[in-house]
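**Student:** Those letters in the sequence shown? Residues 41 to 408, by this note's numbering. Note that beta-carbon positions come from the ideal geometry of N, C-alpha and C, so glycine has one too. Since we're looking at a predicted model, the values are computed, not measured. The structure's right below; bear with me while I get my questions together.
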Amino acid sequence: MSKEMQAAFTLLEEEKGISPEVVIGAIAEALTAAYKKQYNQSQNVTIEYNDAKGDFIVYSTREVVDEVFDSRLEMSLDDALALNAHYQIGDKIRFEEKPKDFARTAANAAKQVIMNKMREESHTIIYNEFKRYENEIIQGTVERVDDRAIFINLGKVDSMLGKRDQIPGERYQIGDKVKVYVSAVEQSKKGPIVYVSRTHPELLKRMFEKEIPEVYDGTVEIVSIAREAGDRAKVIVKSNDANVDAIGTIVGPRGSRIRTLVDELHGENMDIIEWNDDRATMIKNALKPAQVNAVIVDEITGETVVVVPDDQLSLAIGKRGQNVRLAAHVTNNKIDIKSQTKFDQEASEASEVVAEAVESTLSDDVLD
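Now the structure itself:
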C-alpha cells in the first residue's frame with residue numbers, strides 16, 4: 041500500500057502539479073463521505089494518514105452511556121468494561137474501521153469525491169498559472185480551424201480565437217505557432233477560460249515592449265494606440281529622455297524595428313506620432329499624412345474642427361473615414377474635417393447673419 045500510495049502522490053505532483061497534502065485531504069474527505077453513505081452519519085469519524093506505512097486509518101468514536109440509543113455513536117458501560125476495566129460513563133472510545141468493509145456504493149462515492157477534489161485543484165493551478173499572463177503575449181499552437189474560430193493550444197489549456205479577434209486576411213494551418221494577447225482569464229465550472237486576441241490594441245503595445253528595449257525600460261513611452269487590425273494603426277509615442285528621439289527609436293534604422301512588427305501583424309501599416317502637450321498640435325500630428333491649415337478646439341463642447349486644403353480633404357478623411365476615425369480615437373477627440381472652401385463659406389454666411397442681426401437691433405433702437 042505504501043509504495044503504491046507514494047508512487048501515486050509523486051505522479052500527481054509531477055504531472056498535475058497537485059501536492060500530496062491536497063490529495064491526502066481529498067481522500068480523507070472521500071472516506072468520510074463513504075462512511076456517511078454507509079452508516080447515514082459521520083459526526084464521530086476521524087481520518088488519519090500514516091505517512092510511514094502509506095495507509096489511511098478510519099476511526100469512529102463512541103461515548104460510554106447508561107442506555108444506548110445509537111450503537112454507531114454510543115456503547116454501554118458493560119461493553120466498555122469488557123474492553124478495559126477503567127472505562128467510565130462519559131468516556132469516549134476510538135475504534136478503527138476498515139475502509140474495505142464499506143459497501144461498493146460508498147466506495148464509488150469516495151472515488152467521485154477524490155476525482156472532483158483533484159479536478160478542482162488542477163483547475164485552480166491552471167487558472168493561477170494563466171492569470172499571471174493576463175494582459176501579456178503568449179505563444180500557442182493551432183490545433184483546429186473552422187468557420188467560427190481558430191482553436192489554439194496554450195499548453196495546459198485550450199483557447200479560442202474568435203472572428204472578431206482575428207486579423208482579417210490571416211490564415212493558419214494546424215500546427216502553426218501563433219502569438220496572442222491574453223485579454224482575460226476566468227474560472228468556470230468546467231475549468232479556466234483563457235480569452236485571447238490578435239486585434240486588441242494592447243497586443244501592439246506589448247509587441248513594442250518586447251521588440252524595442254527603450255520602450256520596455258520606459259525611455260520611450262507608448263501613450264496611446266488606435267488600430268484597425270491588419271490594416272492600419274496610429275501610435276502616439278513620447279520620449280522621457282531629451283536626448284532620445286521617440287519616433288526614430290520606434291522606427292529604427294531604415295525602418296528595421298517597425299518592419300518587424302508590421303510583418304508580424306500581417307502588413308498592418310503604422311503611423312508613429314510624436315506626443316505634444318498642445319491639443320491642437322496633437323490632433324494635427326495625428327491626421328498626418330494630410331496637411332492641416334487650422335485646428336479649432338471648442339473647449340465647451342469638446343468638439344474639434346479641422347480645416348484642410350481642398351485637395352487634402354479626401355486624404356484627411358481617409359478611405360471609408362479610416363484616417364480621421366483613428367486620429368479621433370488615438371487623441372480621444374471628436375473631429376470634424378472641413379475643406380478650406382467650405383469653412384470660408386460657412387464663416388462668411390455666419391458673418392452675414394451676425395451683421396443682419398446687428399443691423400436689425402440698431403434699427404429697432406432708432407425707432408424706439
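Kindly identify the DSSP beta-bridge partner or partners of residue 116.
**Tutor:** 105, per the DSSP bridge assignment.
**Student:** Less than 8 Å between the beta carbons of residue 380 and residue 347, yes or no?
**Tutor:** Contact: yes.
**Student:** Excluding sequence positions up to five away, which residues of its chain have a Cβ less than 8 Å from the Cβ of residue 179?
**Tutor:** Counting only Cβ-Cβ distances below 8 Å, and skipping sequence neighbours, we find 217, 218, 219 and 220.
**Student:** Relative to the C-alpha of residue 206, which candidate in 227, 192 and 215 has its C-alpha closest?
**Tutor:** Ranking 227, 192 and 215 by Cα distance to residue 206 puts 192 first.
**Student:** In this structure, how does DSSP classify residue 296 when only helix, strand and coil are distinguished?
**Tutor:** Correct three-state label for residue 296: helix.
**Student:** CA-CA distance, residue 155 and residue 168?
**Tutor:** Rounded to whole angstroms, residue 155 to residue 168 spans 20 Å at the Cα level.
**Student:** Measuring only the C-alpha atoms, how far is residue 110 from residue 194?
**Tutor:** Roughly 55 Å separates the two Cα atoms.
**Student:** How do the segment 305-320 and the segment 272-291 stand: do at least 3 beta-carbon pairs fall below 8 Å, yes or no?
**Tutor:** Result yes; three or more Cβ-Cβ pairs closer than 8 Å.
**Student:** DSSP on residue 325, reduced to helix/strand/coil?
**Tutor:** Of the three classes helix, strand and coil, the one that applies to residue 325 here is helix, per DSSP.
**Student:** Measuring CA to CA, which of 46, 95, 94 and 157 is closest to residue 73?
**Tutor:** Closest by alpha carbon: 157.
**Student:** Hey, residue 120 and residue 104: beta-carbon distance below 8 Å or not?
**Tutor:** Yes, they are a contact pair.
**Student:** Answer with buried or exposed for residue 407, where buried requires no fewer than 16 other C-beta atoms within 10 angstroms of its C-beta.
**Tutor:** Because the pLDDT of residue 407 is 47, which lies under 50, any placement of that residue in the model is unreliable, and the number read from its coordinates should be weighed accordingly. Residue 407 should be labelled exposed.
**Student:** Assuming residue 232 is part of the beta strand (DSSP E), what are its boundary residues?
**Tutor:** It spans 231-237 - the beta strand (DSSP E) in which residue 232 sits, taken as one unbroken run.
**Student:** Using a Cβ-Cβ cutoff of less than 6 Å, which residues in the same chain neighbour residue 233 once the five nearest sequence positions on both sides are dropped?
**Tutor:** Same-chain partners within the cutoff: 226.
**Student:** Quick test of your reading: residue 330 and residue 355, contact by CB under 8 Å. State the CB separation rounded to the nearest angstrom.
**Tutor:** Correct: roughly 4 Å between the Cβ atoms.
**Student:** State the Cα-Cα distance for the pair residue 41 and residue 101, rounded to the nearest angstrom.
**Tutor:** Note on residue 41: pLDDT 46, under 50, position unreliable in the model; the coordinate value appears next. Residue 41 and residue 101: Cα-Cα distance of roughly 25 Å.
**Student:** So what's residue 66 in DSSP terms, helix, strand or just coil?
**Tutor:** Looking at residue 66 - three-state DSSP - the assignment turns out to be helix.
**Student:** Tell me the rounded alpha-carbon separation between residue 257 and residue 230.
**Tutor:** Each residue's Cα considered, the two are about 39 Å apart.
**Student:** Under three-state DSSP, which class holds residue 59?
**Tutor:** Three-state DSSP puts residue 59 in coil, outside helix and strand.
**Student:** Using the rule of at least 16 other Cβ atoms within 10 Å of the residue's Cβ for burial, across every protein chain shown, is residue 254 buried or exposed?
**Tutor:** Buried, since its Cβ has 16 or more Cβ neighbours within 10 Å.
**Student:** Do the CB positions of residue 222 and residue 176 come within less than 8 Å of each other?
**Tutor:** Yes, Cβ-Cβ distance for residue 222 and residue 176 is below 8 Å.
**Student:** Which residues in the same chain have their Cβ closer than 6 Å to the Cβ of residue 210, if we skip the five residues on either side of it in sequence?
**Tutor:** Closer than 6 Å at Cβ, skipping near neighbours: 306.
**Student:** For residue 157, which of helix, strand or coil comes out of DSSP?
**Tutor:** If DSSP states are grouped into helix, strand and coil, residue 157 belongs with the helices.
**Student:** Exposed or buried, residue 135, counting other C-beta atoms within 10 Å across all chains shown (16 or more means buried)?
**Tutor:** The residue in question, residue 135, is exposed, as its Cβ has fewer than 16 Cβ neighbours within 10 Å.
**Student:** What does a CB cutoff of less than 6 Å around residue 131 pick up in its chain, not counting 5 residues either side in sequence?
**Tutor:** 104, listed in sequence order.
**Student:** Give the secondary structure of residue 279 by DSSP, where H, G and I count as helix, E and B as strand, and everything else as coil.
**Tutor:** Looking at residue 279 - three-state DSSP - the assignment turns out to be strand.
**Student:** Please state whether the Cβ-Cβ distance between residue 214 and residue 236 is less than 8 Å.
**Tutor:** Cβ distance not < 8 Å, so residue 214 and residue 236 don't count as in contact.
**Student:** Taking DSSP's pairing of strands, which residues face residue 273 in a bridge?
**Tutor:** For residue 273, which the question treats as bridged, DSSP gives the partners 267 and 310.
**Student:** So, is residue 264 buried or exposed, given that buried needs 16 or more other C-beta atoms within 10 angstroms?
**Tutor:** Buried is the call here.
**Student:** Nearest by alpha-carbon distance to residue 302: which of 50, 196, 364 and 273 is it?
**Tutor:** Per the Cα distances, 273.
**Student:** Please look up how many angstroms separate the CB atoms of residue 241 and residue 266, rounded, as I've assumed it's under 8 Å.
**Tutor:** Indeed they touch by this definition, with Cβ atoms about 7 Å apart.
**Student:** Verify whether the separation of the beta carbon atoms of residue 88 and residue 99 is less than 8 Å.
**Tutor:** Against a cut-off of 8 Å, the Cβ pair of residue 99 and residue 88 comes out as a contact.
**Student:** Whole angstroms are fine: how far does the CA of residue 377 sit from the CA of residue 340?
**Tutor:** Using only the alpha carbons, I get a separation of about 19 Å.
**Student:** Whose C-beta lies closer than 6 Å to the C-beta of residue 47 among residues of the same chain, with five residues either side of it excluded?
**Tutor:** Same-chain partners within the cutoff: there are none.
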